[in-house]
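Chemist: In UniProt numbering, the protein residues as written are 1 to 102.
Don't be surprised by glycine CBs; every beta carbon is placed ideally from N, CA and C.
Shown below is the structure under consideration.
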Amino acid sequence: MKLILALLLVVSLVAVTEAGMECFMCRLIVSTVEKKLASDEGGINQNGDKLCNEITGGNAVLDPICKKILDGFLDQIIDGLKDGQTADDICKKIKMCTADNN
Numbered sequence: 001m002k003l004i005l006a007l008l009l010v011v012s013l014v015a016v017t018e019a020g021m022e023c024f025m026c027r028l029i030v031s032t033v034e035k036k037l038a039s040d041e042g043g044i045n046q047n048g049d050k051l052c053n054e055i056t057g058g059n060a061v062l063d064p065i066c067k068k069i070l071d072g073f074l075d076q077i078i079d080g081l082k083d084g085q086t087a088d089d090i091c092k093k094i095k096m097c098t099a100d101n102n
């Protein structure tokens, strides 16, 4: 029984850590996209992998999270920024952050 509880605790901690990492990466991506938008929006759309490499330095843990966010939500991030939304608002809207990730 103790083993099962310990495993459940570990799984819960991993899920919380992953959720926190996704939120952190989302905010970082939104900030980076915001800085690059003024100069080269088309380049952002075409070079998502390059942008992730810039942000993560090719980190084996962070790079897949970055690519997941850019591949799935780049258009929503750009639209949110054009509408004046903050990184927090955008990341909550695309469900990478929750109220608990503040």
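Can you tell me where the alpha helix (DSSP H) holding K92 begins and where it ends?
Modeler: Per DSSP, K92 belongs to the alpha helix (DSSP H) from 87 to 93.
Chemist: Once DSSP output is grouped into helix, strand and coil, what is the label at C97?
Modeler: Looking at C97 - three-state DSSP - the assignment turns out to be coil, as it is neither helix nor strand.
Chemist: On the DSSP letters alone, give me the boundaries of the alpha helix (DSSP H) that G80 sits inside.
Modeler: Per DSSP, G80 belongs to the alpha helix (DSSP H) from 62 to 82.
Chemist: Output needed for Q85: all residues of its chain with C-beta closer than 6 angstroms, excluding positions within five of it in sequence on either side, in chain order.
Modeler: Hits under 6 angstroms: none found.
Chemist: Using three-state DSSP, classify G58 as helix, strand or coil.
Modeler: In this structure, G58 counts as coil in the three-state DSSP scheme.
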